[in-house]
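Shown next, in structure tokens, is the structure this report addresses.
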Amino acid sequence: MVELVETVDPQRVRANLDEIRERIASAVPAGTDPETIEIVAATKYVPSALMGELHEGGVRIAGENRLGDLTQKQEEWGDLFTWDFIGDLQSRKAPSLVGHVRLIHSIATESALKKLESAEAGDQEVLVQVNLSGEESKGGISPDQLPRFIESPGCSVVGLMTMPPFTQDPEESRQWFAQLRELASQHGLAKLSMGTSQDYEVAVSEGANLVRIGASLCR
């Protein structure tokens, strides 16, 4: 069960965003403009009634994990945010996201891809979730499945996403971030969604240009 934040202080959110941007600027590879790194707020922790305070604090990209929450928040807040879907994607719900989000970060199964193909969602931009570690508890395809997804007419694959194995040491995630960057480069894919609150600096240093930051934005 997601524990929702009870209050959102816009000034605190803005201060946290400023700190995250400073850390990103220190972590990006030489020659990379830190302004090109997008901060996607994981808003599953924020009830719809408090999304306005989040926007007042400077959040512009909202990443939702559940279709129902996404629908509710879009009905209330509409164009105030750019909307991404970042959660585990149930195949039967995939077509319902088409045209309602900028990016689906988590196309992770053949069945979800087939649903998009049936919906003729060729213009919907998606990121393919790749399970590089082979960890059974993590979603995602294996790297050798990637060409099938890229070649599909059912969506527009513009990048990759990964969730490395859980670790207390962010440096232990570096190998997986580096592997995803190399895989994306091999296939000419520009967007890399990797890194969360605990390891986004390592992710950025390995080429992430989308980082997913959760409840720490409101603390």
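Its first residue numbered 64, the sequence shown is counted upward by one per residue in the numbering used here.
We put the beta carbon where it would ideally sit given N, CA and C, even for glycine.
Keep in mind that this is a model prediction, so the values were computed, not measured.
Residue 87 has no beta-bridge partner at all, per DSSP. Within the segment 80-168, the complete beta strand (DSSP E) segments at least 3 residues long are 101-105, 124-127, 145-148, listed from N- to C-terminus. Using a C-beta cut-off of 8 Å, the segment 73-80 makes no contact with the segment 246-256, since fewer than three inter-stretch Cβ pairs fall below that distance. Here the C-alpha atom of residue 100 lies approximately 12 Å from the C-alpha atom of residue 276. A straight-line Cα-Cα distance of about 9 Å links residue 170 and residue 220.
It is roughly 10 Å from the alpha-carbon of residue 130 to the alpha-carbon of residue 149. The alpha-carbon of residue 103 is positioned some 12 Å away from that of residue 278. Looking from the CA of residue 241, the closest CA among 229, 232, 257 belongs to 257. In this structure, the straight-line span from the alpha carbon of residue 136 to that of residue 228 is close to 31 Å.
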